[in-house]
Amino acid sequence: EPEVTQTPSHQVTQMGQEVILRCVPISNHLYFYWYRQILGQKVEFLVSFYNNEISEKSEIFDDQFSVERPDGSNFTLKIRSTKLEDSAMYFCASSERGGGLSSEFFGSGTQLSVL
Amino acid sequence: DAKTTQPPSMDCAEGRAANLPCNHSTISGNEYVYWYRQIHSQGPQYIIHGLKNNETNEMASLIITEDRKSSTLILPHATLRDTAVYYCIVRPIYFGNEKLTFGTGTRLTIIP
Numbered sequence: 009e010p011e012v013t014q015t016p017s018h019q020v021t022q023m024g025q026e027v028i029l030r031c032v033p034i035s036n037h038l039y040f041y042w043y044r045q046i047l048g049q050k051v052e053f054l055v056s057f058y059n060n061e062i063s064e065k066s067e068i069f070d071d072q073f074s075v076e077r078p079d080g081s082n083f084t085l086k087i088r089s090t091k092l093e094d095s096a097m098y099f100c101a102s103s104e105r106g107g108g109l110s111s112e113f114f115g116s117g118t119q120l121s122v123l
Numbered sequence: 326d327a328k329t330t331q332p333p334s335m336d337c338a339e340g341r342a343a344n345l346p347c348n349h350s351t352i353s354g355n356e357y358v359y360w361y362r363q364i365h366s367q368g369p370q371y372i373i374h375g376l377k378n379n380e381t382n383e384m385a386s387l388i389i390t391e392d393r394k395s396s397t398l399i400l401p402h403a404t405l406r407d408t409a410v411y412y413c414i415v416r417p418i419y420f421g422n423e424k425l426t427f428g429t430g431t432r433l434t435i436i437p
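And the structure:
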């Protein structure tokens with residue numbers, strides 16, 4: 009069964025450092041997403057991406073965050089200068105179509121710890 | 326914010342049907358009801374969705390009331406692996422609306 013793959017599974021970084029979280033979406037999917045979940049809290053939408061541009065983003069997704077599809081298979085989330093409050097589980101997801109017309113498939117997540 | 330109300334927790338005996346309720350009294354005509362689950366901090370997993378008719382797939386059944394103000398997710402023969410947090414999400418379907426808005430869900434515990 010096709011799946012969304014995320015690397016690394018755990019990332020520890022120092023406050024102020026840049027991190028890049030990587031995702032390989034399902035191959036025929038065209039819509040890509042990042043969500044995050046702070047420990048004990050809800051899963052929160054960060055950003056959606058289609059046709060090489062952001063289609064929707066939340067208030068959380070400020071100038072410190074960026075997304076990129078550098079090649080035909082990877083989808084990355086960069087946090088430019090990490091803060092303690094960025095510590096969370098980050099989930100990548102992909103879907104064949106957008107707007108809720110097809111369901112999203114989620115990866116297993118990257119646990120980011122900012123010290 | 327989430328437009329649904331779910332009980333915070335439920336238990337169900339292994340092998341029995343698990344019935345998870347969801348209230349969405351302010352749902353509008355173009356909004357679908359989606360169900361996802363999250364097993365122990367893994368990524369959310371899609372289960373099923375529907376607009377107004379009852380739906381069934383290999384994982385579950387979704388029963389939506391005639392007035393669409395509430396629904397029930399049914400796991401017909403619950404196993405220990407169904408222990409998870411279940412999210413009921415109301416979502417309009419249109420391009421440009423990409424986000425899933427998760428609430429706190431129902432923590433379902435399957436009892437051996």
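Protein chains in written order, with my numbering: chain A, 9 to 123; chain B, 326 to 437. Glycine included, each C-beta is placed from N, C-alpha and C at the ideal position. Since the model is a prediction, treat every value here as computed from it, not as a measurement.
Could you tell me whether the Cβ of E380 of chain B comes closer than 8 Å to any Cβ of chain A? no
Nearest to D79 of chain A by CA position, among A:M23, A:Q22, A:C31 and A:V27, is which residue? A:C31
Report back the beta-carbon spacing between F427 of chain B and K50 of chain A to the nearest angstrom; my notes put them in contact at under 8 Å. 5 Å
Are the CB atoms of T329 of chain B and V415 of chain B nearer to each other than 8 Å? yes
Taking only beta-carbon positions, decide if G117 of chain A is within less than 8 Å of chain B. yes
Contained beta strand (DSSP E) runs [length at least 3] in the region 52-85 of chain A, N- to C-terminal order: Entirely contained in the region 52-85 of chain A, the beta strand (DSSP E) runs reaching 3 residues are, in chain order, 61-65 and 73-76.
Under 8 Å, Cβ to Cβ, is there at least one residue of chain A near T431 of chain B? Output row for T431 of chain B: interface = no.
Hey, is the region 16-33 of chain A in contact with the region 339-358 of chain B, meaning 3+ C-beta pairs nearer than 8 Å? no
Interface residues of chain B facing S74 of chain A [CB-CB closer than 9 Å]: Ordered by position in chain B, no residue passes the 9 Å Cβ test against S74 of chain A, which lies about 17 Å from the chain.
Flag this pair as yes or no: are the beta carbons of G115 of chain A and Q45 of chain A separated by less than 8 Å? no
Could you check whether P369 of chain B and T431 of chain B sit closer than 8 Å to each other, using their CB atoms as the reference points? Contact: no.
Would you say the region 394-411 of chain B touches the region 358-376 of chain B, given that touching needs at least three Cβ pairs under 8 Å? yes
Quick check on the DSSP output: the beta strand (DSSP E) that includes H374 of chain B runs from which residue to which? Q370 to G375
Below-8 Å beta-carbon distance, K328 of chain B vs any chain A residue: no
If you reduce the DSSP assignment to three classes, tell me which class L38 of chain A lands in. coil
Check the C-beta distance from A101 of chain A over to V27 of chain A and give it rounded, since I have them as a contact under 8 Å. At roughly 19 Å, the Cβ-Cβ gap does not stay under 8 Å, so A101 of chain A and V27 of chain A are not in contact.
When burial is assigned at 16 or more other CB atoms within 10 Å of the CB, is Y419 of chain B buried or exposed? exposed
Taking Cβ positions only, does S95 of chain A come closer than 8 Å to chain B? no
From A:E76, A:T84 and A:I68, residue whose alpha carbon lies closest to that of K91 of chain A: A:I68
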